[in-house]
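Only one structure is covered here, and it is reproduced in the block below.
Residue numbers (the working numbering): 208 to 645.
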């Protein structure tokens, strides 16, 4: 490794070794406060020139610019991580260096992004750079649980009448062949995200002994319902303007199929049938989805449940929306005599304009730092903290400047999460470009 990469790897590894798993309830924030103090030690130059505001579940920094005439910009990355399970080749909080990679929980989601953002700012501050306008940084410790961190910070900005021209958060990354057949390398730049809701479907009965089961017992009805959801057309597919633009940018790299994608609006009926066949990720770009994630029946192996339930995690599309998506699946649930309970309604995010200043800035930075990589807009199917910042910004962009392969994508929230060492310096360069040019 060269000296720069070695130094970067040591700093990020120090961050990875701090266990900062967030909890759904009874979260102890002492470890997050300790981690934030460590950040100030690791990045003394940017913390030294910024005004800091601490929150119960996060912090913000303000880097004063040369002029207050322009609206400020905000860079975000969270510092909590998800829990770990067994099966890791390298200990999840070791920050181990092996096989030209740095291993550990948070390397990609999202301490790697936080590190690159602060490292870039720290180097610029050390060189005496002052941004043209105010630059803010924000980081919460409850992103993975949908907790109060980002909402607290957003509310504070609203109370203090701080409005941003651009917000940049984690999101899409640099991928080879993001959908089957797209033979190129693409920077997938999120311009919005689907809404995320949790729904509970409940089946009731009189219960009874398993030796004399009746027809359509609670678990059977739930099973039929879940199978019906997979077959259902309750969630219509649509090609949004963002997806159409994504297809146009992918088209030159998709051979014969690319000819169809060059004019997606004209051939929408065909594409709405073809795209879902490419992959589940491609299908999710076009419609509301529901994934069943939790279930419960009776407490005994020989007892018919009086009540059984499943939880479905819904990602509702912008074109169908929250309420119409709820009504569609509730109508289907009633066919199987199920009740629906909304555990968390979620909310949709605004879609930023891919012809806007924020997207174009990200495009220019990608082309400058990653020659040959094609920037393309898309709608994120996952959730990020930036959805809470729509009240203070019209242009929230979701992108991390890391090239990732299939194994790395699978490792996010999985096992053996890692980042390539040769991805570290380009990520810092990308953030430097963004901060200089914003």
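Beta carbons: idealized from backbone N, C-alpha and C, even for Gly.
- One thing to note: residue 517 has its Cβ no nearer than 8 Å to the Cβ of residue 587.
- Annotation for residue 218: the continuous alpha helix (DSSP H) segment containing it runs 210-223.
- Bounds of any beta strand (DSSP E) do not take in residue 461, whose DSSP letter is neither H nor E.
- Between the stretch 618-637 and the stretch 389-401, the count of Cβ pairs shorter than 8 Å is below three; the stretches do not touch.
- Here the alpha carbons of residue 352 and residue 359 stand approximately 14 Å from one another.
- Minimum Cα-Cα distance from residue 547 among the listed residues 385, 409 and 384 corresponds to 409.
- The alpha-carbon separation between residue 505 and residue 486 amounts to approximately 36 Å.
- Between residue 220 and residue 452, the alpha-carbon positions lie close to 38 Å from each other.
- Judged by DSSP in its simplified three-state form, residue 377 adopts strand.
- Beta-bridge annotation (DSSP): residue 605 is paired with 376 and 397.
- Counting only residues of its own chain and dropping the five nearest sequence neighbours on each side, residue 343 has a CB closer than 8 Å to the CB of 267, 268, 269, 270, 279, 280, 281, 282, 369 and 371.
- Shown here, residue 588 sits in coil according to DSSP, grouped into three states, outside any helix or strand.
- Here residue 307 is exposed, its C-beta having fewer than 16 other C-beta atoms within 10 Å.
- Distance from residue 229 to residue 354 at the Cβ level is roughly 7 Å; contact confirmed, criterion being Cβ atoms closer than 8 Å.
- Residue range 496-503 is occupied by the beta strand (DSSP E) that includes residue 497.
- DSSP, reduced to helix, strand and coil, places residue 442 outside both helices and strands of the structure shown, so it counts as coil.
- Rounded to the nearest whole angstrom, the CA to CA distance from residue 288 to residue 227 is 6 Å.
- When the Cα atoms are used, residue 617 and residue 291 turn out to be separated by approximately 14 Å.
- From the listed residues 296, 388, 555 and 564, the smallest Cα separation to residue 463 is found for 388.
- Cβ-Cβ separation between residue 375 and residue 208: approximately 28 Å, too far for a contact (criterion under 8 Å).
- Proximity to residue 551 across 231, 645 and 520 peaks at 520, based on C-alpha coordinates.
- The three-state secondary structure of residue 482, taken from DSSP, is helix.
- In this structure, DSSP gives residue 512 a state outside helix and strand, which the three-state scheme calls coil.
- Here DSSP, grouped into helix, strand and coil, assigns residue 392 to strand.
- Between the stretch 480-499 and the stretch 432-449, the count of C-beta pairs closer than 8 Å reaches three or more; the two stretches touch.
- Relative to residue 406, the option among 537, 577 and 254 whose CA is nearest is 537.
- Contact check for residue 391 and residue 460: beta-carbon distance about 4 Å, within the 8 Å limit, so the pair qualifies.
- Here DSSP, grouped into helix, strand and coil, assigns residue 314 to coil.
- Residue burial annotation: residue 297 is buried, with at least 16 other C-beta atoms found within 10 angstroms of its C-beta.
- In the three-state scheme derived from DSSP, where H, G and I count as helix and E and B as strand, residue 612 is classed as coil.
- Shown here, residue 545 sits in coil according to DSSP, grouped into three states, outside any helix or strand.
- The beta carbon of residue 247 is closer than 6 Å to those of 254 in its chain, skipping five residues each way along the sequence.
- Around the Cβ of residue 264, a 10 Å sphere holds 16 or more other Cβ atoms; the residue is buried.
- Rounded to whole angstroms, the gap between the alpha carbons of residue 568 and residue 524 is 26 Å.
- According to DSSP, residue 228 shares a beta bridge with 288.
- In the structure shown, residue 452 adopts helical secondary structure according to DSSP, grouped into three states.
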